[in-house]
Amino acid sequence: MGNFLFINRVAVNPPKGKTDVTFRAGLNVIRATLISETSEDSKDSQPGIRNSVGKTTFAHMLDYGLGKSLFLNKDKALGRKSLESHDLLMEFRIGDEQFTVQRNLVKGDICILYREWIIDDLLNGVQKNGERFAIKDYRNFMESKLFSGTNIFEGEKFISFRDIMQIIFRDQVGGFESIDKTGNYSSNAEAKRKLQQYLSGLTTAETLNADIQVSNAEEAEKEAKKAFDIIKKYVIHKVNQAEELIRSEATAVNEQIQVNNEVVADLKQQLILLQQRNDERVEQKQEFLQIKLSLSKEENLVRMRINSFQATLNEVQTEKENIETAHYAHLLLDTYEYEKCPVCLVDITGDPSFKCPRSTSNEEDSDRALEAMQTILSNERQDLIQAIAELNHTLEEIQLKAVEIDSKIAGLNLKISEDANEILKNIEEIEREQKELTEKLTGLKQDLEYFRDHDDYRRKHGLAKDNLTIAKANRNRIQQQMDDNTESLKNYYQEVVSYLYFGNRIGSFQLSKIAKNFEATIRYLNLSEGRDTGAAAITLAVIAFDLALLKLAINSNTPHPRLLVHDSPNINDIDPSVYNRIFTYVRDELEKPFVENDSEPDFQYIITTILMPDELADDPYVRLELNNNGDKGKLFEFTF
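Counting in full-length UniProt numbering, the sequence shown runs from 1 upward without gaps.
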């Protein structure tokens, strides 16, 4: 889960003092030694004093290389002035990736990161291209590489890289007072609890997600059950028949609809065939209409001739009547004497010998002409009457033919409409039945839909229960891992305490069930005597817990970076024999199994100290020796 953070080497550029140190995997000791008063180098030394030589400063320098805000506080004016032109160089590895960071010891707001180990090149002035990071971005980069997002849940970071570093680096000032106290840093109880739980693998993005998944699954199952209960009651209320009876009836109705559809299709085919026959009738009807049109035209011509003959007859009759009237008037007036001749309008005198020249010469001819005219008009009148009678006869024949044609057209129209109307009537009846069947089928389908909804909601509820079971199983699996880690941490803590105290103390580790708060204490073998509350026991409880947590990370792959730095923990007068057991435990219990397997230890423990077992006082464990030989023995070879 977690990547191994290994510090390979630190140095200062330009070089200064004893700051170029190469580390190893496993145990690393930063030791302050005592220079004998009889030694040639002892004239500037402080007899018996091995403090203030730079052990804590060295631990701070390592922490600074891993993103600590300041290396020297502002009250260290001399130190800041002396080191403002010096850069810290640190080679480290995260997993299999090698890095070198360069950071000014005073103005450290920018970090230059190289993706290889190149301290030698940088000390020799070789120019290398590195990536520049603001300190915040550098921390984020380290966090991403080290924890791979396991400290982020739902986009929110619940543990930061620097939170972890504050407890990985145990400061001698306040760092060994309790297992959850991070030196001079202050944090609330929840933050402390999350930090301990994360390092031990009890709280990670996976564990948080498992809890959320169970919570969401429980809520989903609850809602699914509620919906299922509602639809179940609704189905009972709305549907009075069993599902199979409804399904059977729906099948029968659907089959009847299919039969009706086939009948309608057949009737429509008959319409098509009928239309083809009607097309022939329509053609015949068109022929009759053309004949009727011709008869109508012929009738109009006959009527026009009749009217013309009748008009002529009227004129002849009028002319004949006028001639008869004139002849009658002549006869009537001829008995009377005229003052003027009615023919030539010449005055008639008393002379008996006067004669109208025209009247006398034409009288006889006029009578004959009048009689002839009357005869002609009478003959013409008779001819016209006979012609009109013949035309009327012709007109009657035309009208009879038109009536016959109309009768034939009416017969065709009747044949065209009667067959189609019968078929259309049948189609209308079937479609009306189809509508009723469709409405009935819709109702039956709705009833079946209720059953499908019932089954669907039942299936969804079952799925929700399955998801809840899976979520709980996953959480139980993770919880088992947590329980295993808790039990392992408990055993490892007891193991470390027992080892440090030569079996004369018991390490008691407890984890509250709800809040998951850690409590690590040292108790006497006689449990009735209670816990050991001495200052040394409090410090050793913290050391033992850190070592137990480190062993848990080695064996169980927790998010712990498997790096631990203890800065001068022997400040509360721990018995030297017990204190020395810290070193041998790391060597014999943590490092030795790797050596026996011919592999490099998968952890790094760095401790600054003034005491250690003589058997471990030589290489490879002691990586840096400081002493009380004045400024020469100090880390930067000057006092600030």
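Positions of the beta carbon are idealized from the N, C-alpha and C atoms, including for glycine.
Taking 8 Å as the threshold (C-beta atoms), are Lys634 and Gly79 in contact? no
By a C-beta neighbour count over all protein chains shown, 10 Å radius and 16 as the cutoff for buried, is Leu564 buried or exposed? buried
Against chain D, does Gln98 count as a neighbour if the rule is that its beta carbon must be under 8 Å from one of theirs? Structure shown: chain D not included; a single protein chain is present.
C-beta contact flag for Ile112 and Gly130 at 8 Å: yes
Put Ile607 into one of helix, strand or coil per three-state DSSP. strand
Could you check how far apart the C-beta atoms of Leu549 and Phe583 are, in whole angstroms? I think they sit under 8 Å. Between Phe583 and Leu549 the Cβ distance is about 18 Å, and since that is not below 8 Å, they are no contact.
Secondary structure of Ile118, DSSP reduced to three states: coil
Find the nearest neighbour of His60 within the set Gly67, Phe71 and Ser52, judged by alpha-carbon distance. Phe71
Residues near Met373 by beta carbon distance below 7 Å, same chain, minus five either side: Ile323
So the candidates are Phe153, Asp602 and Glu436; which of them puts its Cα closest to the Cα of Leu27? Asp602
Straight-line gap, Ile272 to Ser296 (C-alpha atoms, nearest Å): 35 Å
Does Phe502 pass the burial test, meaning 16 or more other C-beta atoms within 10 Å, or should it be called exposed? exposed
Can you tell me which of Thr150, Leu293, Gln480 and Ala536 puts its alpha carbon nearest to the alpha carbon of Ile405? Leu293
In whole angstroms, what is the alpha-carbon distance linking Ser45 and Met612? Residue placement at Ser45 is poorly supported in this model, since its pLDDT is 49, which falls under 50; the coordinates are not used for a value here.
Report the option in Lys460, Arg305, Leu313 and Glu319 whose CA atom is closest to the CA atom of Asp383. Leu313
Local conformation of Tyr501 per DSSP, three classes: coil
Own chain, CB closer than 7 Å to Lys401, minus 5 neighbours either side, in chain order: Leu295
Roughly how many angstroms separate the alpha carbons of Arg567 and Asp171, rounded to a whole number? Looking at the sequence itself, residue 567 is Asp, so the reference to Arg does not match. Whole-angstrom Cα-Cα distance: 5 Å.
Quick check: what's the CA-CA separation for Tyr67 versus Phe161? Reading off the sequence, residue 67 comes out as Gly, not Tyr. Taking the straight line from one Cα to the other gives about 9 Å.
Can you list, in chain order, the residues of its chain whose CB lies under 8 Å from that of Glu637, leaving out five sequence neighbours each side? Lys16, Gly17, Lys18 and Asp631
Look at the alpha carbon of Phe4 and the alpha carbon of Gln98, and state the distance between them as a whole number of angstroms. 12 Å
Arg193 and Val622 - do their beta-carbons sit closer together than 8 Å? no
According to DSSP, is Met90 helix, strand or coil? strand
Taking the C-alpha atoms as reference points, what is the distance between Leu500 and Phe153? 39 Å
In chain order, what residues of the same chain lie with their CB nearer than 6 Å to the CB of Glu116, ignoring the 5 residues before and after it? Gln98
Does the distance from the C-beta atom of Phe640 to that of Ser82 stay below 8 Å? yes
Tell me whether the segment 209–216 and the segment 470–478 touch, counting them as touching only if at least three CB pairs, one residue from each stretch, are closer than 8 Å. yes
Use the C-beta contact count for Thr38: other C-beta atoms within 10 angstroms, 16 or more gives buried, fewer gives exposed. Any reading at Thr38 is ruled out, since the residue's pLDDT is 39, under 50, leaving its predicted position unreliable.
CA nearest to the CA of Glu490, picked from Gly462, Glu519 and Gln480: The sequence given here places Lys at residue 490; Glu does not occur at that position. Considering only alpha carbons, the answer is Glu519.
For the structure I just gave you, are there three or more beta carbon pairs, one from the segment 431–438 and one from the segment 256–268, closer than 8 Å? yes
Inter-residue spacing [alpha-carbon to alpha-carbon] between Gln604 and Ser488: 20 Å
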